[in-house]
Amino acid sequence: MSNSPSAKDSARTNATPPTRPEDEKLPVRLLFVYGLQHILTMYAGAVAPALVIGSAAGLANDPASMGILVSGALLVAGIATLIQSVGHRRFGAQMPIVVASSFIPVSAVTALSAGQGGENLPVAFGASLAAGVFALALTPFFGQLIRFFPPIVTGTIITVIGVSLMPVAAGWIVDGAARTLEDGTAAPAAPLSHLALAGLTLAVILVGSRVLPGIWGRLSILLGLVVGTLVSLPLGMADFSRVGEADIVFDPTSVFYFGAPRFEVAAIVTMCVIMLVVLTEGASHIIAVGEITGSEVNAKRISAGLRADVSGSLIGPIFSATPTSSFAQNIGLLALTKVRSRYVVATGALILIALGLFPVLGGVMAAIPTPVLGGAGLVLFGSVAASGVKTLAKVDFTNNLNLVLVATSVGVAIIPLAYPTFYAFLPESVELVAHSGIIGAAVVAILLNICFNVLGRDPGTDAPARIDHEEIGSAGPGEAKYTDQAGAVYRDGEPEAPAGT
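The opening position of the sequence shown corresponds to residue 1 in the UniProt record's numbering, with each subsequent residue numbered one higher.
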């Protein structure tokens, strides 16, 4: 089976000869089909952060509010992707890059928004907006900072993010159930029916990933959600009766649905640190796309692309959406199909916007039983951790202190997960920052990397890593890749010649 809707030769039969590879223009029919292919590849990952955050904010049983979160995520993803692919040369890389809600801030945002009825979501949106302004101000100078975020740092942080999200998946499977112990106390526990439903969803995803070819294998998460939900219907575990409470068509009066953003110092500091990782990942992704498409990439273009990446943080609070970043799985799709046109991705952006105009779709997603989401979450969140591990696999651990750096950072991150009240004696504002294992891991990794690998070291000894094209097709959500290469290009302003051209 072909990995693309039609043979690549036919895709170019009526194509306009491009001045740049990414400027290739295809027939409208192919633009739509290839654009839809991009959206199907990233849809599950794009809406998952909204589902996680909505659940943490106490909105799991409120289809109207969940519909707003999901439609907002899709709308902002469409707008940011359009800016990235078609935008002005100073605001958007004009490359085939899909931008959507990032997995990286999810753990921090869930901590900030935890509560009932979405009462704390304005704090998370305020922090997102402030961090977006902070990141936007950094984009012209980020080349001077990126050397502090080599794979040893980004790999550690991404791994910690994936691990910190696992309790969310477990909580979805438990879904509020509890078992009474001998002393009369109740302890959270997953009933056998929940375990079976989550296990079935996970099995469908795994089998689909193994047997479905090419792009279709990337749709296995959506397939697992559909099969798990269908099985849950006769068991009475899925309730779609309240889907009608969500607006069918987007209501302009629903902007700032949860209230105006609130700005709290501790929350803003947390999100600013997170945005540094988002910028690093975004720079590496732009370099990877340049390698795949044969496009010219320099420091100015990366800066323009990073501005598009952080645009979601600036416009997100208007539509109740969280920070955005480029999606690695769509980079894999570029490598798989060899369709390099940015207008394909721009068409996909229009599809995202169209989907976002129907909040009722978010209401449908909210009606999916949480054990089903939990089974899929194990793969989604686990792939984030695995991406971090794969990035760490590129690091040299011989005759240096990199192992100590990773061990210490992960240890600091696990403490608040294992003992949620560990920092309870600290002032409330400090506790909020310290309680985030991601922030602890990031601070420790950055400082130890400076001490172990930066101070007193000759920068000329660091040769940029070569991009492994065989791994591009396996990119997962939240995956930070190629930061050595991105750092070299962004600092020096000159890309390497694209391999294989």
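Backbone N, C-alpha and C fix where the C-beta goes; we use that ideal spot for every residue, glycine too. Note that this is a predicted model, so its numbers are computed, not measured.
In the three-state reduction of the DSSP assignment, Ser341 falls in the coil class.
Counting only runs of at least 4 residues, the stretch 105-184 fully encloses the following alpha helix (DSSP H) elements, listed from N- to C-terminal order: 106-113, 121-138, 142-145 and 151-174. Residue state for Ala44 is assigned as helix, using DSSP reduced to three classes. Between Phe397 and Leu403, the alpha-carbon positions lie close to 6 angstroms from each other. Rounded to whole angstroms, Glu296 and Gly290 show a C-alpha spacing of 6 angstroms.
The Cβ atoms of Val372 and Gly228 sit closer than 7 angstroms to each other. Cβ contact annotation for Ala131 (same chain, cutoff 8 angstroms, sequence separation greater than five): Ile268, Met271, Cys272, Ile274, Met275, Ser313 and Pro323, in chain order. Unbroken alpha helix (DSSP H) stretches of 4 residues or longer found wholly inside the stretch 379-464: 402-418, 428-434 and 437-449, given in chain order. Judged by pairs of C-beta atoms under 8 angstroms, the stretch 199-219 touches the stretch 371-388, as three or more such pairs exist. Less than 7 angstroms divides the Cβ of Tyr257 from the Cβ of Ile68.
Burial is judged here by how many other beta carbons sit within 10 angstroms of a residue's own beta carbon; Asp239 has fewer than 16 and is exposed. Separation of the CB atoms of Ala304 and Arg89 is rounded to 6 angstroms, and the pair is thereby assigned contact status at 8 angstroms. Listed in chain order, the non-local C-beta contacts of Thr408 below 7 angstroms within the same chain comprise Val444 and Leu448, local neighbours out to five positions each way being set aside.
The C-alpha of Leu212 lies about 10 angstroms from the C-alpha of Leu206. Here DSSP, grouped into helix, strand and coil, assigns Pro317 to helix.
In this structure, Glu281 places its C-beta atom within 7 angstroms of the C-beta atom of Ser325. Between the stretch 380-400 and the stretch 120-134, the count of Cβ pairs shorter than 8 angstroms is below three; the stretches do not touch.
Taking the CA atoms as reference points, Cys451 sits about 30 angstroms from Ser383. For Ile39, the closest C-alpha among the options Glu431, Leu334, Tyr419 and Leu426 is that of Leu334. In the displayed model, Pro188 falls within a strand according to three-state DSSP. About 43 angstroms separates the beta carbon of Val249 from that of Leu145, a gap too long to meet the 8 angstroms contact definition. For Val231, the uninterrupted alpha helix (DSSP H) run begins and ends at Ser220 to Ser232, by DSSP. Using a C-beta cut-off of 8 angstroms, the stretch 49-57 makes no contact with the stretch 346-354, since fewer than three inter-stretch Cβ pairs fall below that distance. In the structure shown, Val99 falls within a strand segment according to DSSP collapsed to helix, strand and coil.
When C-beta atoms of the stretch 338-345 are compared with those of the stretch 28-46, three or more pairs fall below 8 angstroms, so the two segments count as touching. For Leu235 and Leu138, the gap between their C-alpha atoms comes out near 52 angstroms. With at least 16 other beta carbons inside 10 angstroms of its own, Tyr34 counts as buried. Secondary structure at Ser325: strand, using DSSP grouped into helix, strand and coil.
With contacts defined by Cβ atoms closer than 7 angstroms, Ala93 and Val109 do not form a contacting pair.
Beta-bridge analysis with DSSP links Lys300 to no other residue. For Pro49, the closest of Ala169, Gly126, Leu392 and Thr337 by C-alpha to C-alpha distance is Ala169. Counting the other Cβ atoms within 10 Å of the Cβ of Glu24 gives 16 or more, which makes it buried. When the Cα atoms are used, Gly155 and Val278 turn out to be separated by approximately 12 angstroms. Apart from sequence neighbours up to five positions away, the residues of its chain that approach Ala424 with a beta-carbon distance below 8 angstroms are Glu431, ordered along the chain.
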